[in-house]
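Comments concern the structure below.
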Amino acid sequence: MAYWFRGERYEDIERLMKAVRLEIDGGFGVSDLDAILTERGGFTSEDGTVYRSAAALKKSDPDTYRELRDRVIDSIVDGLWDAVTGGYLPQDVPYVEGTIDECK
């Protein structure tokens, strides 16, 4: 099956999802992670420090911030992969002005 995303045709789901991940990575900001942390009541690091905001985490522990951010983005992409391969199209891509649809 072929797919459309942001004006490009993708014949391969893996190539499509790499492009989707790059777009989400570019559009997912500190405030987006803040919203997730607020919803979950914060983030507790391995040393027991509780971070209530992504900005505080990014400032004091940038590696952990990036790791957490990557996990969230990977989770979004995994969900999109499952939806697309399950035939649930079109799929709006969060944090990006774009939709995945099938090429007809």
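For my numbering, count along the sequence shown from 1 and bump the result up by 138. All C-beta atoms in this analysis are idealised placements derived from N, C-alpha and C, irrespective of residue type, glycine included.
Proximal residues to residue i (C-beta, below 7 Å), its chain only, five neighbours per side dropped
i	result
Gln229	Leu218, Ala221, Val222, Thr237, Ile238
Phe143	Leu154, Ala157, Val158, Gly236, Ile238
Bridge partner(s) assigned by DSSP for residue i
i	result
Ile151	DSSP lists no partner for Ile151.
Ile238	Phe143, Gln229
Residue i: first and last residue of the uninterrupted beta strand (DSSP E) it sits in
i	result
Phe166	No beta strand (DSSP E) holds Phe166; DSSP gives it neither H nor E.
Cβ neighbours of residue i in the same chain (closer than 6 Å, five flanking residues each side left out)
i	result
Leu195	Tyr189, Tyr203
Glu161	Val234
Gly165	Tyr233, Val234
Ala193	Val168
Phe96	In the structure displayed, the chain extends from 139 to 242; residue 96 sits before or after that span and is not available.
Close Cβ partners of residue i (< 8 Å) along its chain, the five nearest in sequence each way excluded
i	result
Glu146	Ala157
Short CB-CB distance (under 9 Å) between residue i and chain C
i	result
Glu161	Looking for chain C here will not work: only one protein chain is present.
(request) Starting from the N-terminal side, write out each stretch of the alpha helix (DSSP H) that is 4 residues or longer and does not extend beyond the region 172–235. (result) Those alpha helix (DSSP H) runs which fall completely within the region 172–235 and span 4+ residues are 192–198, 200–223.
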